[in-house]
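Engineer: Chains A and B supply the protein sequences, listed in that same order. Counting along the first sequence from 1, when you hit position 51 you're at 563 in the numbering used here, and nothing is skipped either side. Counting along the second sequence from 1, when you hit position 511 you're at 517 in the numbering used here, and nothing is skipped either side. For glycine and all other residues, C-beta sits at the position ideal for the given N, C-alpha and C. Since we're looking at a predicted model, the values are computed, not measured.
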Amino acid sequence: MRQPTGSAYFMEEHHEPVARHTLAILVDNEPGVLARVIGLFSGRGYNIDSLTVSEVSHEANLSRITVVTTGPAEVIDQIKTQLDRLVPVHSVVDLTLTGRALERELLLVKVRGKGEARVEALSLADAFRARVIDATIESFVFEITGKPDKLDQFIILMKPLGLVEVARTGVASIARGPEGMAE
Amino acid sequence: MAADLTAAPTERMTGAEIVIRALADQGVEHIFGYPGGAVLPIYDALFQQNSIEHVLVRHEQGATHMAEGYARSSGKPGVVLVTSGPGATNAVTGLTDALMDSIPLVCITGQVPTHLIGSDAFQECDTVGITRPCTKHNYLVKDVNDLAQVLHEAFYVATSGRPGPVVVDIPKDVQFATGGYIGPRNVVHKTYHPKLKGDAEKIKAAIELLRGAKKPIFYTGGGVINSGPRASELLREFAHLTGAPVTSTLMGLGAFPASDPQWLGMLGMHGSYEANNAMHDCDVMLCVGARFDDRITGRLDAFSPGSRKIHIDIDPSSINKNVKVEVGIVGDVAHVLEDMIQIWKASRAQIDPAGLMDWERRINSWRARNCFAYKASETTIKPQQAIERLYELTKGPDTYITTEVGQHQMWAAQYYKFDEPNRWMTSGGLGTMGYGMPAAIGVQKAHPEGLVIDIAGEASIQMCIQELSTAVQYELPIKVFVLNNEYMGMVRQWQQLLHGSRYSHSYSEALPDFVKLAEAYGVKGLRCEHPDDLDATIKAMIDHPGPVFVDCVVDKMENCFPMIPSGRAHNEMLLGDVGEKTVNEAITEEGKMLV
Chain A
513 MRQPTGSAYF MEEHHEPVAR HTLAILVDNE PGVLARVIGL FSGRGYNIDS LTVSEVSHEA
573 NLSRITVVTT GPAEVIDQIK TQLDRLVPVH SVVDLTLTGR ALERELLLVK VRGKGEARVE
633 ALSLADAFRA RVIDATIESF VFEITGKPDK LDQFIILMKP LGLVEVARTG VASIARGPEG
693 MAE
Chain B
7 MAADLTAAPT ERMTGAEIVI RALADQGVEH IFGYPGGAVL PIYDALFQQN SIEHVLVRHE
67 QGATHMAEGY ARSSGKPGVV LVTSGPGATN AVTGLTDALM DSIPLVCITG QVPTHLIGSD
127 AFQECDTVGI TRPCTKHNYL VKDVNDLAQV LHEAFYVATS GRPGPVVVDI PKDVQFATGG
187 YIGPRNVVHK TYHPKLKGDA EKIKAAIELL RGAKKPIFYT GGGVINSGPR ASELLREFAH
247 LTGAPVTSTL MGLGAFPASD PQWLGMLGMH GSYEANNAMH DCDVMLCVGA RFDDRITGRL
307 DAFSPGSRKI HIDIDPSSIN KNVKVEVGIV GDVAHVLEDM IQIWKASRAQ IDPAGLMDWE
367 RRINSWRARN CFAYKASETT IKPQQAIERL YELTKGPDTY ITTEVGQHQM WAAQYYKFDE
427 PNRWMTSGGL GTMGYGMPAA IGVQKAHPEG LVIDIAGEAS IQMCIQELST AVQYELPIKV
487 FVLNNEYMGM VRQWQQLLHG SRYSHSYSEA LPDFVKLAEA YGVKGLRCEH PDDLDATIKA
547 MIDHPGPVFV DCVVDKMENC FPMIPSGRAH NEMLLGDVGE KTVNEAITEE GKMLV
């Protein structure tokens with residue numbers, strides 16, 4: 513069996529194929545639980561590409577943390593088992609492995625401009641099904657939801673048209689089909 | 007809080023009284039601590055009761071190591087009580103040590119009153135923030151009505167699954183406040199329920215692998231000890247059933263008897279020639295409660311390349327972390343071994359006797375290399391010889407050995423032989439100098455009749471030497487046996503091998519006169535400088551009824567072999583008799599970069 517890299521004894525750097533995975537982590541909504549999760553990522557040198565956290569059940573006192581991370585398959589496995597052994601963690605599901613998980617993110621974009629650029633921004637926003645949620649004579653704030661790459665694309669298009677500011681929520685993700693997240 | 011209240015609290019008392027009551031209900035008899043402003047109410051409650059005995063330490067790090075020694079030698083959780091701020095930060099080294107070596111500790115820290123948290127109050131620190139990465143779990147209790155539940159939960163988390171340290175941080179106002187008490191039986195954890203039984207299919211697959219083996223090996227670790235004495239019994243039974251040779255990590259010594267013919271000695275960086283070679287050449291490896299640490303594997307891509315591997319571990323994150331295995335079994339060692347033995351017996355399984363005999367022959371050829379041989383001297387005490395004599399004169403089921411960290415620790419592991427679990431306490435994962443003497447105090451507290459010896463170095467011992475005073479206060483007859491080579495020996499050895507013998511700051515300059523120092527503390531001090539005096543000194547040490555400090559002056563330049571040089575495969579060991587030139591050229595430029 514080929515052994516993984518990452519040991520203090522492994523001299524050559526190996527570049528293994530990395531993949532992007534979305535993990536859903538159900539946790540007790542108690543003080544410090546987010547710090548535990550984030551501390552695990554920073555302490556063990558894992559990547560966080562995106563992070564969202566919010567209470568999902570007030571009665572059961574549960575929060576859901578969605579982390580998008582990249583790494584080789586073994587590292588993703590390690591992340592899951594390391595998360596799973598945190599005491600307040602109920603369950604960890606790799607939504608990427610469940611296949612066809614839905615991913616959405618919300619983006620707010622402020623664009624400043626006049627004349628043609630302003631018209632162009634508005635028509636592109638329309639094409640992307642973004643909504644105008646604030647407008648002045650020289651600016652718009654657009655709201656748009658979608659997959660992260662769609663939002664990336666929208667930001668790229670807005671750049672030459674007077675992009676001022678970007679706020680993104682990070683990815684929320686859920687599996688397709690009738691089943692809920694396994695406990 | 008992550009627990010269900012299945013019963014309403016029946017009694018009301020102050021937070022401080024809840025702490026004492028919860029400890030008593032958890033069966034705690036001894037705690038190790040140091041008072042301070044933010045724990046005064048708990049100390050006041052301690053004063054007014056008799057069920058729990060408190061051991062006053064001289065530094066909070068000492069308290070944590072005492073609790074570790076207590077836990078490791080008794081199988082019960084160790085309990086620490088310290089104050090806020092510096093009390094808590096001083097405990098961090100011991101907490102990290104316990105996390106790395108999977109030792110169950112409950113550490114109660116005082117905190118400034120709730121309304122002062124975050125104001126940079128006197129002796130305030132973010133204890134839960136600081137200890138989050140160095141504990142298995144931690145709590146800040148802001149409501150006295152949660153306190154009993156949290157304390158019981160803390161004991162549950164510390165002792166179940168892979169054991170570890172748990173901190174409970176209690177603000178001073180919560181200690182004064184009055185609230186309800188619930189007993190331990192009313193607390194059921196909501197999320198944390200480690201799996202004890204191994205997956206039946208995987209156990210079957212493991213048995214299939216083992217019965218097809220020609221060159222099997224059992225690689226065992228601290229998980230066997232942590233699983234309890236039954237696990238050690240089952241390990242012995244299974245090893246004898248299969249005929250497989252057994253090696254162990256530093257943490258697992260004693261689980262399998264060193265006197266057994268199937269014993270290969272410790273493996274790893276300073277392990278035996280036969281153990282490392284057998285690990286490298288085996289065809290089926292059964293890893294029981296060990297974690298493929300870098301001290302064991304050497305360079306990973308050359309680690310036991312021809313073997314199929316089975317890994318039993320209660321912590322799923324240990325499986326496939328460093329080394330990929332064919333069969334990973336998540337479960338408690340005793341539970342899994344029991345199932346394996348049952349299947350093995352029921353199916354009348356057997357490892358091919360001819361193959362096993364060949365394997366034994368090869369192992370015996372490695373044994374014949376006699377890797378622990380050293381040249382004795384007529385004028386200077388060799389450190390190996392000191393440990394050998396110490397072993398011969400002190401061995402027995404009631405002898406407990408602790409160590410500090412460095413060359414003396416490795417020599418102790420190589421030359422002191424253990425036949426029972428829970429007799430060997432050492433800092434493995436973190437490698438904490440200063441561990442051994444306080445740990446010995448904790449062991450002695452748990453085993454008042456035992457002979458407890460801290461095998462130490464003259465550098466390590468100075469890191470927690472103040473605890474001699476604790477030993478004297480509580481009349482704990484620990485024996486400190488220092489191998490004094492006037493160097494931080496392991497640092498010096500690495501400087502010799504890796505840095506052209508430039509001994510940068512590794513000489514123990516300005517050493518105290520240890521005999522006088524011991525006597526100043528009220529400890530009997532002995533010095534031994536000549537091989538002829540060794541036995542008499544050790545006997546005098548044993549015969550003295552109180553604590554003894556032996557300053558055993560040994561060869562200054564002795565190196566610890568065998569050694570797997572950094573960056574080398576685990577079968578490329580350096581042995582002590584190969585000559586200085588080979589030793590100096592053994593480590594590559596790349597290897598020098600490694601730890």
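Taking contact to mean at least 3 C-beta pairs separated by less than 8 angstroms, is the stretch 50-70 of chain B in contact with the stretch 86-101 of chain B?
Structural biologist: Cβ pair count under 8 angstroms is three or more, so yes.
Engineer: Let me confirm a value: P518/B is counted as buried when at least 16 other C-beta atoms fall within 10 Å, else exposed. Which label applies?
Structural biologist: Position 512 of the second sequence, counted from the start, is the residue given in the question as residue 518/B. By the neighbour-count rule (16 or more Cβ atoms within 10 Å), P518/B is not buried but exposed.
Engineer: What beta strand (DSSP E) runs, 3 residues minimum, are completely inside the stretch 25-103 of chain B?
Structural biologist: As far as the stretch 25-103 of chain B is concerned, its whole beta strand (DSSP E) runs of at least 3 residues are 36-39, 59-62, 84-88.
Engineer: Step through the CB atoms of chain B and report whether any lies within less than 8 angstroms of the CB of V599/A.
Structural biologist: Mapped onto the first sequence, residue 599/A falls at position 87. Judged by the 8 angstroms Cβ criterion, V599/A is in contact with chain B.
Engineer: Is I335/B helix, strand or coil by DSSP?
Structural biologist: Within the second sequence, residue 335/B is the residue found at index 329, counting from 1. Residue state, collapsed to three classes: strand.
Engineer: Can you name the residues that DSSP bridges to R242/B?
Structural biologist: Within the second sequence, the letter at position 236 stands for residue 242/B. In the DSSP output, where bridge partners are listed per residue, R242/B has none listed.
Engineer: Which residues of chain A have a Cβ atom closer than 8 angstroms to the Cβ of Y197/B, listed in chain order?
Structural biologist: Translated into the one-based positions of the second sequence, residue 197/B becomes position 191. Per the sequence shown, the amino acid found at residue 197/B is Thr instead of Tyr. Within 8 angstroms Cβ-Cβ: D540, V599, P600, V601, H602.
Engineer: What is the DSSP secondary structure of K604/B, reduced to helix, strand or coil?
Structural biologist: This structure gives no information on residue 604/B, because the portion of chain B shown stretches from 7 to 601.
Engineer: Between D596/A and chain B, is there a C-beta pair that is closer than 8 angstroms?
Structural biologist: As a position in the first sequence, residue 596/A is number 84, starting the count at 1. It does; some Cβ of chain B falls within 8 angstroms.
Engineer: Please check if any C-beta of chain B sits within less than 8 angstroms of the C-beta of P543/A.
Structural biologist: Reading the first sequence from its first residue, position 31 is the one you call residue 543/A. Yes, because at least one Cβ of chain B sits closer than 8 angstroms to the Cβ of P543/A.
Engineer: Using Cβ-Cβ distances below 8 angstroms, what residues of the stretch 123-140 of chain B are close to chain E?
Structural biologist: Among the chains of the structure shown, chain E does not appear; the protein chains present are A and B.
Engineer: Could you tell me whether any Cβ in chain B is nearer than 8 angstroms to the Cβ of G555/A?
Structural biologist: As a working note, residue 555/A is residue 43 in the first sequence. True, the Cβ-Cβ gap to chain B drops below 8 angstroms.
Engineer: Taking the beta strand (DSSP E) that R612/A falls in, what are its first and last residues?
Structural biologist: Counting from 1 along the first sequence, the entry for residue 612/A is found at position 100. Looking at the DSSP string, R612/A is not in any beta strand (DSSP E), and its letter there is neither H nor E.
Engineer: With a threshold of 6 angstroms on Cβ separation, who are the neighbours of G361/B within its own chain once the five nearest residues in sequence on each side are excluded?
Structural biologist: Indexing the second sequence from 1 puts residue 361/B at position 355. Here the set comprises K220.
Engineer: For S569/A, does the three-state DSSP call read helix, strand or coil?
Structural biologist: Locating residue 569/A in the first sequence gives position 57, counting from the first residue. Note: S569/A maps to strand in three-state DSSP.
Engineer: Could you tell me the distance, in whole angstroms, from the CA atom of M106/B to the CA atom of L436/B?
Structural biologist: The residue given as residue 106/B occupies position 100 in the second sequence. The residue given as residue 436/B occupies position 430 in the second sequence. Going from the Cα of M106/B to the Cα of L436/B covers about 6 angstroms.
Engineer: What in chain A is Cβ-close to P110/B, meaning under 7 angstroms?
Structural biologist: Along the second sequence, read from residue 1 onward, the residue named residue 110/B stands at position 104. Those do not exist, as P110/B stays about 14 angstroms from chain A at its closest Cβ, beyond 7 angstroms.
Engineer: Roughly how many angstroms separate the alpha carbons of A281/B and L273/B, rounded to a whole number?
Structural biologist: Mapped onto the second sequence, residue 281/B falls at position 275. Mapped onto the second sequence, residue 273/B falls at position 267. Rounded to the nearest angstrom, the two C-alpha atoms are 5 angstroms apart.
Engineer: Pick out the complete alpha helix (DSSP H) segments inside the stretch 351-394 of chain B, 4 residues or longer, and give them in chain order.
Structural biologist: Segments of the alpha helix (DSSP H) lying fully in the stretch 351-394 of chain B: 359-373.
Engineer: Do Q268/B and V252/B count as a contact pair if the criterion is CB distance below 8 angstroms?
Structural biologist: Taking the first residue of the second sequence as 1, we reach residue 252/B at position 246. Taking the first residue of the second sequence as 1, we reach residue 268/B at position 262. Closer than 8 angstroms, so yes.
Engineer: Run through DSSP, which three-state label would D10/B get?
Structural biologist: For the purposes of this step, residue 10/B is taken as the residue at position 4 of the second sequence. Only weak support exists for where D10/B lies, its pLDDT of 45 falling under 50; the coordinates are left without a value.
Engineer: Is the distance from the Cβ of Y493/B to the Cβ of K562/B below 8 angstroms?
Structural biologist: Position 487 of the second sequence holds residue 493/B. Position 556 of the second sequence holds residue 562/B. Yes.
Engineer: Residues in its own chain within less than 6 angstroms of E17/B by CB, not counting five upstream and five downstream?
Structural biologist: On the second sequence, residue 17/B is found 11 positions in, with the first residue counted as 1. Once the five neighbours on either side are set aside, the close Cβ partners of E17/B are Y187.
Engineer: Report the start-end ranges of each beta strand (DSSP E) in the stretch 119-167 of chain B that is 3 residues or longer and not cut off at the edges.
Structural biologist: Counting whole runs of 3 or more residues, the stretch 119-167 of chain B contains the beta strand (DSSP E) stretches 143-146.
Engineer: Roughly how many whole angstroms lie between the Cα atoms of A575/B and G170/B?
Structural biologist: Counting from 1 along the second sequence, the entry for residue 575/B is found at position 569. Counting from 1 along the second sequence, the entry for residue 170/B is found at position 164. Going by the C-alpha atoms only, they are around 31 angstroms apart.
Engineer: So with Cβ pairs under 8 angstroms, would you call K208/B a contact of chain A?
Structural biologist: Position 202 of the second sequence, counted from the start, is the residue given in the question as residue 208/B. Not closer than 8 angstroms to any Cβ of chain A, the Cβ of K208/B fails to qualify, so no.
Engineer: Could you give the residue range of the alpha helix (DSSP H) that holds N491/B?
Structural biologist: Within the second sequence, numbered from 1, the residue matching residue 491/B stands at position 485. Neither: N491/B is in no alpha helix (DSSP H) and is coded neither H nor E.
Engineer: Which same chain residues, not among the five before or five after L240/B, have their C-beta less than 7 angstroms away from its C-beta?
Structural biologist: Position 234 of the second sequence, counting from 1, holds the residue named residue 240/B. Excluding positions up to five away in sequence, the list reads A340, L343, E344, I347.
Engineer: Whose Cβ in chain B lies nearer than 8 angstroms to the Cβ of T581/A?
Structural biologist: Within the first sequence, the letter at position 69 stands for residue 581/A. Simply none; closest approach about 16 angstroms.
Engineer: Taking C-beta to C-beta, are L675/A and V621/A nearer than 8 angstroms?
Structural biologist: Against the first sequence, residue 675/A aligns to sequence position 163. Against the first sequence, residue 621/A aligns to sequence position 109. Yes, they are a contact pair.
Engineer: Could you name the residues of the same chain whose beta carbon sits closer than 6 angstroms to that of N428/B, not counting the 5 residues immediately before and after it, in chain order?
Structural biologist: Locating residue 428/B in the second sequence gives position 422, where the first residue counts as 1. Answer for N428/B: S79, listed in chain order.
Engineer: Which residue or residues does DSSP assign as beta-bridge partners of G583/A?
Structural biologist: If you number the first sequence from 1, residue 583/A lands on position 71. According to DSSP, which records beta bridges pairwise, G583/A is partnered with A531/A.
Engineer: Using a cut-off of 8 angstroms between C-beta atoms, extract the partners of L256/B located in chain A.
Structural biologist: Locating residue 256/B in the second sequence gives position 250, counting from the first residue. Within chain A, no residue comes near L256/B; the closest Cβ sits about 17 angstroms away, beyond 8 angstroms.
Engineer: For a cutoff of 8 angstroms on Cβ pairs, would you count A585/A as touching chain B?
Structural biologist: The residue you call residue 585/A lines up with position 73 of the first sequence. False, the Cβ-Cβ gap to chain B never drops below 8 angstroms.
Engineer: Quick one, which residues of the stretch 320-332 of chain B are near chain A if we go by CB-CB under 9 angstroms, in chain order?
Structural biologist: Under the 9 angstroms Cβ criterion, the stretch 320-332 of chain B contributes D321, P322, S323, S324, I325, N326, K327, N328, V329, K330, V331, E332.
Engineer: Would you give the residue range spanned by the alpha helix (DSSP H) that G448/B belongs to?
Structural biologist: Sequence index remark: in the second sequence, residue 448/B carries index 442 (1-based). First-last of the alpha helix (DSSP H) with G448/B: 442-452.
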